[in-house]
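Asks:
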Amino acid sequence: MANTKRKRNLDDSFGVSDVVANDAYNNHNNILLKELNEKRNFSPEQHLLGIGGIQNIPVNSIKSVDNPRKNFTEESLKELADNIKKFGLLQPIAVYKSNEGYNLLYGERRLRAFKLNKEETIPAIVKNVKQFKKDLIPEIKLMENLHREDLSDFETALSLSVLKARLNLSDNELTQYVNKSRSWVKHKLIHASTISKIVSNEKEDEALISFLSNMPTTSVVDLQPSIDTDKKSVLSWLELQIKSGNIPKREEIREFAQTLKSGIIKQTKPIKFKTKKETTIPLSPEQIKEKITEIENRIKQLKREKKKYEKMLL
Numbered sequence: 004m005a006n007t008k009r010k011r012n013l014d015d016s017f018g019v020s021d022v023v024a025n026d027a028y029n030n031h032n033n034i035l036l037k038e039l040n041e042k043r044n045f046s047p048e049q050h051l052l053g054i055g056g057i058q059n060i061p062v063n064s065i066k067s068v069d070n071p072r073k074n075f076t077e078e079s080l081k082e083l084a085d086n087i088k089k090f091g092l093l094q095p096i097a098v099y100k101s102n103e104g105y106n107l108l109y110g111e112r113r114l115r116a117f118k119l120n121k122e123e124t125i126p127a128i129v130k131n132v133k134q135f136k137k138d139l140i141p142e143i144k145l146m147e148n149l150h151r152e153d154l155s156d157f158e159t160a161l162s163l164s165v166l167k168a169r170l171n172l173s174d175n176e177l178t179q180y181v182n183k184s185r186s187w188v189k190h191k192l193i194h195a196s197t198i199s200k201i202v203s204n205e206k207e208d209e210a211l212i213s214f215l216s217n218m219p220t221t222s223v224v225d226l227q228p229s230i231d232t233d234k235k236s237v238l239s240w241l242e243l244q245i246k247s248g249n250i251p252k253r254e255e256i257r258e259f260a261q262t263l264k265s266g267i268i269k270q271t272k273p274i275k276f277k278t279k280k281e282t283t284i285p286l287s288p289e290q291i292k293e294k295i296t297e298i299e300n301r302i303k304q305l306k307r308e309k310k311k312y313e314k315m316l317l
């Protein structure tokens, strides 16, 4: 059973707001945990939502709010859009009704792919808001994301740490909840903790956050001891790596950690590796307008997240 005493942990650095624990909330979480252990053959979203009817919903009537997933590459979306054209949508998205239409529960990439294909409607499971608690929506999105193979290590670690904080689970309970190995969960939490230590109390640096989001869990875990030893030197070293435009390999991180441990930091330029050239996909005027709208929405979201961080520093 999860500890009912709320505490501030590393996940708060990602903007997780404190949730006041109460008996009803904890009892509901225990029921969810039991159902998850008993029904492993169903998808995470089915555990939390049950099975609903499928309807064709107008694409333009669906809004995506607070999606934990941040990174979507044009290439992967184009590939998904092409596959949907050929084979159709294999798994519907899920939405729930709102005053202005529908809010998305899960299926962000599928929705974007349909927009890319200029489809007017999309198959969706429409859930009645009375069928589940609204405060479970973040857990639904997080659980759906954690079971997607194309999620980046950074997004997975972030989703896992937020889920742990929201449900106030121990590491062992979290392992059971997401049905992953203890080692996998441990390394993802270290990943989240290390990123939190790097960006906490620092001025918002999009370049640094973007750079860290591309580092695999194994590399971030190797960097963790150096953060505890000398954070300032690590930040300076990361700045050099950012300027080079290359993600450091594990060998480089271990070499840096060794020099830091021995007290000898070499001020040398990082080695440059050959990088794959990104292919530019031609966009129509409508797609360009859509991209601009997405960027504007992202800016608004970043401003909201910034306010959360600022409140945490008060």
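Residue numbers for the sequence shown follow the working numbering, so the first one is 4 and each next one is one higher. Every residue gets a Cβ at the ideal spot worked out from N, C-alpha and C, and that includes glycine.
(1) Name, in chain order, the residues that DSSP records as bridge partners for THR124.
(2) From PRO126, LYS66 and GLY56, pick the residue whose C-alpha is nearest to that of THR296; which is it?
(3) Below 8 Å CB to CB, which residues in the same chain sit around ASN127 once its five sequence neighbours on both sides are set aside?
(4) Could you say if the segment 184-196 and the segment 255-263 meet the contact criterion of at least three C-beta pairs nearer than 8 Å?
(5) Put SER101 into one of helix, strand or coil per three-state DSSP.
(6) Grab me the residues of ASP225's own chain with a C-beta within less than 8 Å of its C-beta, minus the 5 sequence neighbours each way, in chain order.
(7) So what does DSSP say about LEU243, is it helix, strand or coil?
(8) For the segment 168-179 against the segment 230-247, do three or more pairs of beta-carbon atoms, one drawn from each stretch, fall closer than 8 Å, so that the two count as touching?
(9) Which residue wins for smallest C-alpha separation from ILE212, given the options LYS189, ASP233 and GLN244?
(10) What residue range is occupied by the uninterrupted alpha helix (DSSP H) comprising ASN175?
(11) Within a Cβ cutoff of 8 Å, which residues of the same chain sit near ILE324, ignoring the five residues on either side of it in sequence?
(12) I need the DSSP call for LEU107, collapsed to helix, strand or coil.
(13) Cutting at 7 Å between CB atoms, please list the residues of its own chain near THR124, excluding the five before and the five after it.
(14) Buried or exposed for LYS3, going by 16 or more other Cβ atoms inside 10 Å?
(15) Inspect the beta-carbon positions of ALA116 and LEU93 and report whether they are closer than 9 Å.
(16) What's the gap between the Cα of THR278 and the Cα of ASN249?
(17) Assuming THR221 and LEU263 are in contact, meaning their beta carbons sit under 8 Å apart, how far apart are those beta carbons, in whole angstroms?
(18) Since LEU215 is in the alpha helix (DSSP H), which residue starts that stretch and which ends it?
(19) My output table needs one value for LYS167: the three-state DSSP class, helix, strand or coil.
(20) Per DSSP, what are the beta-bridge partners of ILE96 in this structure?
(21) Could you check the C-alpha separation between LEU108 and ILE143 for me, to the nearest Å?
(22) What residue range does the alpha helix (DSSP H) around PRO228 cover?
(23) Is LYS118 helix, strand or coil when you go by DSSP?
(24) Using a Cβ-Cβ cutoff of less than 7 Å, which residues in the same chain neighbour ASN120 once the five nearest sequence positions on both sides are dropped?
(25) If you run the structure through DSSP and keep just helix, strand and coil, what is LYS269?
(26) Taking the Cβ atom as the reference point for each residue, do SER79 and SER155 lie within a distance shorter than 9 Å?
Replies: The short version:
(1) PRO61
(2) LYS66
(3) Checking the sequence shown, residue 127 turns out to be Ala, not Asn. ILE57, GLN58, ASN59, ILE60, ILE65, PRO95, ILE96, ALA97, VAL98, TYR105 and GLY110.
(4) no
(5) strand
(6) ARG253, ILE256, ARG257 and ALA260
(7) helix
(8) no
(9) GLN244
(10) 174-181
(11) With the chain running from 4 to 317 in the structure shown, residue 324 is simply not present.
(12) strand
(13) ASN59, ILE60, PRO61 and VAL62
(14) A query on residue 3 cannot be resolved here, the shown segment of the chain reaching from 4 to 317 and no further.
(15) no
(16) Annotation note: pLDDT 45 at THR278 (below 50); position unreliable, coordinate value reported separately. Roughly 8 Å separates the two Cα atoms.
(17) With a Cβ gap of about 18 Å, THR221 and LEU263 do not count as contacting.
(18) 209-216
(19) helix
(20) ALA127
(21) 7 Å
(22) 220-232
(23) helix
(24) ALA84, ILE87 and LYS88
(25) Here the model assigns LYS269 a pLDDT of 49, short of 50, so the residue's position is not dependable, and the following value carries that caveat. Correct three-state label for LYS269: coil.
(26) no
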